[in-house]
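First comes the structure, then the notes that go with it.
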Amino acid sequence: MSAASTAAETNELPHRYTAAYANAVEERWQRSLAWPDGKGYGHRQPNPGEPGFDASRPKFYCLDMFPYPSGAGLHVGHPEGYTATDIICRYKKLKGFNVLHPMGWDAFGLPAEQYAIATGVHPEVTTKKAIDNFRRQLQRFGFMYDWSREFATIDPDYYRWTQWIWLKAYESWFDPSARKARPIAELEARLAREDAAIAVAGGASRKWSACTKRERQAHLDGFRLAYLGTQTVNWCPKLGTVLANEEVIDGRSERGGFPVLRMPLKQWMFRITAYADRLLEDLALVDWPEMTRTLQTEWIGRSEGAEIRFAVDGDAEPLTVFTTRPDTLFGATYMVVAPEHALVAKAAARGNAELAKYVAWAKNRSDIDRQASKEKTGCATGLHAVNPATGARIPIWTADYVLMGYGTGAIMAVPAHDERDFEFAKAFALPIVQVVEIEGMPFTGEAATAGEGRAVNSAGAHISIDGLATADAKKAVIAWLEKQGIGALRVNYRLRDWLFSRQRYWGEPFPIVYDADGNHHPVAPSHLPLVLPPLADYSPVESDTPQPPLAKARDWTHTTAGAAGVDPSVLPPATPVVRETNTMPGWAGSCWYYLRYCSPKDASHFVSPEAERYWMLSHRAGSGKSGVPVHYDPATCHTGGVDLYVGGSEHAVLHCLYARFWHKMLFDLGHVSTPEPFGRLFHQGMITSYAFQRADRSLVPTDQVTEVAEGEFVETATGQKVAQIVAKMSKSLKNVINPDDVIADYGADTFRLYEMYMGPLEASKPWNTRDIVGVFRFLQRAWRLAVDERTGEVLAAAQPDPKIEKLLHRTIHKVAEDIEKLSFNTAIAAMIELVNAATRPQSMTDPTQGGMTRDQLGRFARILWPFAPHFADELGARLGITRGTADGPCGGIYAGSWPEHDPAMLVDDEVEMPVQIQGKIKARLMVPAKADAAAVEALALAHADVVAAIAGRPVRKVVVVPGRMVNIVV
RNA sequence: GCCGGUGUGGCGGAACUGGCAGACGCAGCGGAUUCAAAAUCCGCCGCCCCCUAAAGGCUUGCAGGUUCGAUUCCUGUCACCGGCACCA
Numbered sequence: 000m001s002a003a004s005t006a007a008e009t010n011e012l013p014h015r016y017t018a019a020y021a022n023a024v025e026e027r028w029q030r031s032l033a034w035p036d037g038k039g040y041g042h043r044q045p046n047p048g049e050p051g052f053d054a055s056r057p058k059f060y061c062l063d064m065f066p067y068p069s070g071a072g073l074h075v076g077h078p079e080g081y082t083a084t085d086i087i088c089r090y091k092k093l094k095g096f097n098v099l100h101p102m103g104w105d106a107f108g109l110p111a112e113q114y115a116i117a118t119g120v121h122p123e124v125t126t127k128k129a130i131d132n133f134r135r136q137l138q139r140f141g142f143m144y145d146w147s148r149e150f151a152t153i154d155p156d157y158y159r160w161t162q163w164i165w166l167k168a169y170e171s172w173f174d175p176s177a178r179k180a181r182p183i184a185e186l187e188a189r190l191a192r193e194d195a196a197i198a199v200a201g202g203a204s205r206k207w208s209a210c211t212k213r214e215r216q217a218h219l220d221g222f223r224l225a226y227l228g229t230q231t232v233n234w235c236p237k238l239g240t241v242l243a244n245e246e247v248i249d250g251r252s253e254r255g256g257f258p259v260l261r262m263p264l265k266q267w268m269f270r271i272t273a274y275a276d277r278l279l280e281d282l283a284l285v286d287w288p289e290m291t292r293t294l295q296t297e298w299i300g301r302s303e304g305a306e307i308r309f310a311v312d313g314d315a316e317p318l319t320v321f322t323t324r325p326d327t328l329f330g331a332t333y334m335v336v337a338p339e340h341a342l343v344a345k346a347a348a349r350g351n352a353e354l355a356k357y358v359a360w361a362k363n364r365s366d367i368d369r370q371a372s373k374e375k376t377g378c379a380t381g382l383h384a385v386n387p388a389t390g391a392r393i394p395i396w397t398a399d400y401v402l403m404g405y406g407t408g409a410i411m412a413v414p415a416h417d418e419r420d421f422e423f424a425k426a427f428a429l430p431i432v433q434v435v436e437i438e439g440m441p442f443t444g445e446a447a448t449a450g451e452g453r454a455v456n457s458a459g460a461h462i463s464i465d466g467l468a469t470a471d472a473k474k475a476v477i478a479w480l481e482k483q484g485i486g487a488l489r490v491n492y493r494l495r496d497w498l499f500s501r502q503r504y505w506g507e508p509f510p511i512v513y514d515a516d517g518n519h520h521p522v523a524p525s526h527l528p529l530v531l532p533p534l535a536d537y538s539p540v541e542s543d544t545p546q547p548p549l550a551k552a553r554d555w556t557h558t559t560a561g562a563a564g565v566d567p568s569v570l571p572p573a574t575p576v577v578r579e580t581n582t583m584p585g586w587a588g589s590c591w592y593y594l595r596y597c598s599p600k601d602a603s604h605f606v607s608p609e610a611e612r613y614w615m616l617s618h619r620a621g622s623g624k625s626g627v628p629v630h631y632d633p634a635t636c637h638t639g640g641v642d643l644y645v646g647g648s649e650h651a652v653l654h655c656l657y658a659r660f661w662h663k664m665l666f667d668l669g670h671v672s673t674p675e676p677f678g679r680l681f682h683q684g685m686i687t688s689y690a691f692q693r694a695d696r697s698l699v700p701t702d703q704v705t706e707v708a709e710g711e712f713v714e715t716a717t718g719q720k721v722a723q724i725v726a727k728m729s730k731s732l733k734n735v736i737n738p739d740d741v742i743a744d745y746g747a748d749t750f751r752l753y754e755m756y757m758g759p760l761e762a763s764k765p766w767n768t769r770d771i772v773g774v775f776r777f778l779q780r781a782w783r784l785a786v787d788e789r790t791g792e793v794l795a796a797a798q799p800d801p802k803i804e805k806l807l808h809r810t811i812h813k814v815a816e817d818i819e820k821l822s823f824n825t826a827i828a829a830m831i832e833l834v835n836a837a838t839r840p841q842s843m844t845d846p847t848q849g850g851m852t853r854d855q856l857g858r859f860a861r862i863l864w865p866f867a868p869h870f871a872d873e874l875g876a877r878l879g880i881t882r883g884t885a886d887g888p889c890g891g892i893y894a895g896s897w898p899e900h901d902p903a904m905l906v907d908d909e910v911e912m913p914v915q916i917q918g919k920i921k922a923r924l925m926v927p928a929k930a931d932a933a934a935v936e937a938l939a940l941a942h943a944d945v946v947a948a949i950a951g952r953p954v955r956k957v958v959v960v961p962g963r964m965v966n967i968v969v
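Okay, structure coming up:
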């Protein structure tokens, strides 16, 4: 299948565009455009204020999702998005934009650490090797990144600022009245000024001035955006680490089968829930795929309802629940609390053995198990609550279908109108009372009826809502609850605060120390970075209590406040302290990397304010403003951020939500100028591969299959027929394509063209090696059109062919339009059509006849340049239009030189119009493009074929769409 | 179960705002060139009916609807893919 030529051909046609020739051309251009420092090649984009910066040009910030360099190198999915962004960036350069297109490495995290533990090679070594390999591969594709801006998240110069941003969150709180983050010092000053009463340990409250420093600190800690909180996690003592839910099966670790405990663990959290509403609202302002916005909306999961406090028999503390259906309060016949709920512990303390047993069982039941079996389980607590509407004494149960992490971890159960409550009531013989009548859904007692309707059986001594529609009933109940002081309107979110600690080595250390009393204190920003200490043994510790690997670095963890860099006003320098040994999760570094690219070398800011403003802030199209805005103005500015962000939809929720959260914090604190990080987001589809499937749906590796006939495959060993299907590429199926091999066989330009020609960028599509030759032949044909394969001389027509000139204008127009739409497959199709039309027939012996003129070839080279840059640069050089120096604005073809097209060339004088009768085409007719409807109708009705088809029937109606078609109804 | 997406020739795909379905590429077939082959150039190429051709009929997952006209809009339905999943 190799496109390599034979030796004989090479001798005869030394300038034939073969794979070897393409590779030589590509490597030569990559060398000739290389920067003297050897750090890359291509386009270096200066910042405002730097030499060579042109303020008159518009800006375009285009970003690829941060790659995680694995030891396996690039797979064919990586270059798909990267080629797309390279095309649009090169196009924007030809259109005269200042283009920021950076690349770097997301290099902390679990995969590298697991690999290191398995191989015994330090993650720093393997990670750096993987980065070097990734960079080499990306450069071989000819992607014109600004390599002068490259960095990795593991660089101390970078994670210094990751730690700095985390400290900003630590030092801030969310002010609900202003709906934004503010320095916590402002809160502290206000509390002192107002001498506010604050809650202190033991449930008492005390004036600020009467509180101890500790009490004040504890109060403030409850407001921090980065705070120490407790969350139930899957802890595996044997593995010495926390496990994700999907890594736990039947209470045991997926790997090794070791017992896993669900235990509460104190860890660093982010108060992302404070931003839930803004994260939701601002989704309306960004140009993102509808699907992604929907996913984030559902992830945040806003729901409106009420909080209701039920009095508990024999307990001063009420039981608070959240419900979206306060109108069904009369139907609440029992209560359920999560097994982790504080009330359960109180009840169990009375010596209820059965309850204790149930709770112990439920607590260790993993989420996976709960999902596998939705059979209702539970246990009565022996406690009772009072339904405030009916005054009835109702039992309080505990059951694991109520989740501690949502709402208040407690519900009022309305079995008549909630499927889950109904199942539970049936299982434990609890009373069921209908309180809503739904049209078309009579309540029979056989099943719950969920939905809106009218309240029934809802009249009591204190409140009556009978007959009210659900919406009104809700309002009435909430108003009554508020008046009684036992409830209120409340908004609840599915989104939970973000667990930000990992018991792992390969991550950013937290700039935090603890004193002897366990109080935490920040490291002063001036002492950053807090460098990850080198550790020879970074494998997890087997233990019943979490002991992160960093705990082994005793010399590092045990230090003094002064040595750690704690401000002397906070702790005296000689105070012994212990460092935080958890590290940040893999997400940390990717939450703000797009900002660092704006000024990657700035030693005094995480991003230079001027650079940040230039690249991130812009006026909205049609706002009538131009130039760089001074500050964000919602009336005239774009929501902001990166102009085009391209990456897979697997990051649609977590990464894109976390980054938005960080960005909004920084925006509130005045460190960035836009409310959103990514103005426009696009997901490229997945590149799949063919795989083979037996009749029983099991899969067969590709190398164990033989094609016996066109499209017919059998398993080689058994001769059984197998079906060809589309599947993800995987090592086990042996259907993985290595980009290096494809480049060797066809060259990088062909690879780029093939991936863009496969189909729409957003669609997932199967790799088919057989199809690559199509775009390779296109390049060969284009080369042959312009260059003599024997001599290497340019072959140009002396005179332009008017038909080709017209087609060239149309192609220029279409390619520009399609690039703007990211419709690269159709842009390439248009260029193929142009080249096919201009190709000389074999019978044409005089090369100055046919083909294109030098000028036409030059314009063609420019529109091809974004797609196949090496080819276009080589052609451009032969035509004398390529500068070919490393520091040119584009490296190759000139910036701002996208060819003009003449709009007059896009219209035809005469058009062919089909004539339909009853919607079926019966004739075709050539009419002047400007002909009016009446004239076209007359021409159509006079046409011989039309007359014959009408066959004397009366014409009832004639529809004429000028320039399109004629439809005659008889 | 819920939400979202996608279904077009042998294959990947194209089609503006409801207006000629199948651009372009692959595969296949035929021809020119060649001693021959490769490469190249030219042409054919949705399905059915048919010896062939003309003519005709059918065709955008399936069944309906709206319309002069539907791949496009609406209703129902099937299949596949993705996400969420006891969220009160």
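Under numbering that gives the first Met the number 0, the first residue of the first sequence carries the number 0, and numbering increases by one thereafter.
Virtual Cβ for every residue (Gly too), placed ideally from N, Cα, C.
On a predicted model such as this, the values are computed, not experimentally measured, just so you know.
- In this structure, G103 lies near Y592, with their beta-carbon atoms less than 8 angstroms apart.
- Leaving aside the five residues that flank Q29 on each side, the residues in its chain whose CB is nearer than 7 angstroms to its CB run, in chain order, Y40, Q138 and G141.
- Of the residues assessed, E611 falls on the buried side of the cut-off, its CB having 16 or more other CB atoms within 10 angstroms.
- In this structure, G564 is the residue among G564, A472, A747 and Y644 with its C-alpha nearest to the C-alpha of F509.
- Looking at the DSSP output, W104 bridges to A151.
- Cβ neighbours of G758 within its own chain (closer than 7 angstroms, five residues either side excluded): K764 and N824.
- By the Cβ-count criterion, I511 is buried, with 16 or more other Cβ atoms from all chains shown falling within 10 Å of its own Cβ.
- Per DSSP, T638 is not a residue of any beta strand (DSSP E), being assigned neither H nor E.
- Around S538, the same chain offers I116 as residues with beta carbons nearer than 6 angstroms, after the five sequence neighbours per side are excluded.
- Your pair P676 and P155 does not check out as a contact, with CB atoms roughly 24 angstroms apart and the cut at 8 angstroms.
- Of the candidates E507, D845 and G791, the residue whose Cα lies closest to the Cα of Y20 is G791.
- Nearest Cα to Q230 within the set M262, T211, K237 and H100: M262.
- Taking the CA atoms as reference points, V343 sits about 7 angstroms from T380.
- Taking a 10 Å sphere around the C-beta of L905, we find fewer than 16 other C-beta atoms and assign the residue as exposed.
- Comparing alpha carbon positions, the residue from D145, S729, K38 and R751 closest to P738 is R751.
- Considering only W479, L856, T580 and L264, the residue with the shortest C-alpha distance to A876 is L856.
- In the three-state reduction of the DSSP assignment, S302 falls in the strand class, which pools E and B.
- Per DSSP, N46 lies in no alpha helix (DSSP H) segment and is marked neither H nor E.
- The DSSP-derived three-state label of A454 is strand.
- Per DSSP, the continuous beta strand (DSSP E) segment holding R489 begins and ends at G486 to N491.
- In this structure, the CA atom of K919 is about 9 angstroms from the CA atom of P913.
- Only buried fits N734, as 16 or more other CB atoms lie within 10 angstroms of its CB.
- By the Cβ test, the segment 10-19 is in contact with the segment 781-789, since at least three Cβ pairs between them sit closer than 8 angstroms.
- It is roughly 27 angstroms from the alpha-carbon of W207 to the alpha-carbon of A315.
- For the alpha helix (DSSP H) assignment, the uninterrupted runs of no fewer than 4 residues enclosed by the segment 190-267 are, from N- to C-terminal side, 212-220.
- Under the three-state reduction of DSSP output, I464 falls in the coil class, being neither helix nor strand.
- Under the three-state reduction of DSSP output, S688 falls in the strand class.
- For M912, DSSP records a beta bridge to L924.
- Residues V490 of the same chain have their beta carbon placed closer than 6 angstroms to that of E303, with the five preceding and five following residues left out of the count.
- As the crow flies, the alpha-carbon of D845 is around 35 angstroms from that of S31.
- The secondary-structure analysis by DSSP pairs H383 across a beta bridge with P394.
- Residue R392 holds the alpha-carbon nearest to the alpha-carbon of G313 among R392, S589, K805 and T211.
- Nearest in C-alpha terms to K212, of all of S625, V199, D748 and T291, is V199.
- Our two residues, P545 and K362, have alpha carbons roughly 19 angstroms apart in a direct line.
- Look at V577 here: in three-state DSSP terms it is strand.
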